[in-house]
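A short write-up of the structure that comes next.
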Amino acid sequence: MLHAKRYRTERGQDDVRFECGSIPVVSDHQSRLLIGMITDRDLCCRVLAHGLDGKSTSIQEFITYNPAICRDGENLEKCERLMQEHQVRRIPVVDKENHVIGIVAQADLALKDKPERVHKTVAEISKTPRPSIMAA
0 MLHAKRYRTE RGQDDVRFEC GSIPVVSDHQ SRLLIGMITD RDLCCRVLAH GLDGKSTSIQ
60 EFITYNPAIC RDGENLEKCE RLMQEHQVRR IPVVDKENHV IGIVAQADLA LKDKPERVHK
120 TVAEISKTPR PSIMAA
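Here it is in structure tokens:
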């Protein structure tokens, strides 16, 4: 987890050290109150693609706020459905006060779910979003 006031370079080092594609952002490490998520895609699309300086860009500029979450005690099917709907590979798990207590990853589904359901989830997550067409 990252504290909300960290910078991209520090986050990038955490990303490499933990070998993960997304990290929850919390208000502070003691409370673990979820603020949002940062993914490797966020770094590419919101920082690097816009030519921003990764060393000085605050993570607040590219956090995904209000991410999809699973609550403690919810079943795997709910988490799987959220992954499909939001096209994400990881969902933070929070307690009733929104404190981060874990993460469910796509890989966790592969270990616990039926192969055909895992296949469907991977297919839904991997779909290319359709570009929106504006009315003329």
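Sequential numbering from 0 applies to the sequence shown in numbering that gives the first Met the number 0. Just so you know, even glycine gets a beta-carbon here, dropped at the ideal spot from N, CA and C. Please read all numbers here as calculations on a predicted model, not as lab measurements.
Using a Cβ-Cβ distance cut-off of 8 angstroms, the region 29 to 38 and the region 60 to 67 are in contact, since at least three pairs of beta carbons, one from each stretch, lie closer than that value.
Residue state for residue 47 is assigned as helix, using DSSP reduced to three classes. Contact check between the region 63 to 80 and the region 89 to 107: three or more CB pairs, one atom from each, fall below 8 angstroms, which counts as touching. Considering only 31, 29, 21, the residue with the shortest C-alpha distance to residue 42 is 21. Between residue 24 and residue 31, the CB-CB gap reaches or exceeds 8 angstroms. For residue 89, the enclosing beta strand (DSSP E) covers residues 89 to 93. When DSSP states are grouped into helix, strand and coil, residue 124 belongs to the helix group.
Looking at 83, 102, 75, the one whose alpha-carbon comes closest to that of residue 119 is 83. At least 8 angstroms separates the beta-carbon of residue 109 from that of residue 88. The beta-carbon separation of residue 33 and residue 97, rounded to 5 angstroms, stays under the 8 angstroms limit for a contact.
Here the alpha carbons of residue 28 and residue 57 stand approximately 18 angstroms from one another.
DSSP places residue 75 in the uninterrupted alpha helix (DSSP H) bounded by 75 to 85. By the criterion of a C-beta distance shorter than 8 angstroms, residue 80 is surrounded by no residue of its chain, once the five residues flanking it on both sides are discounted.
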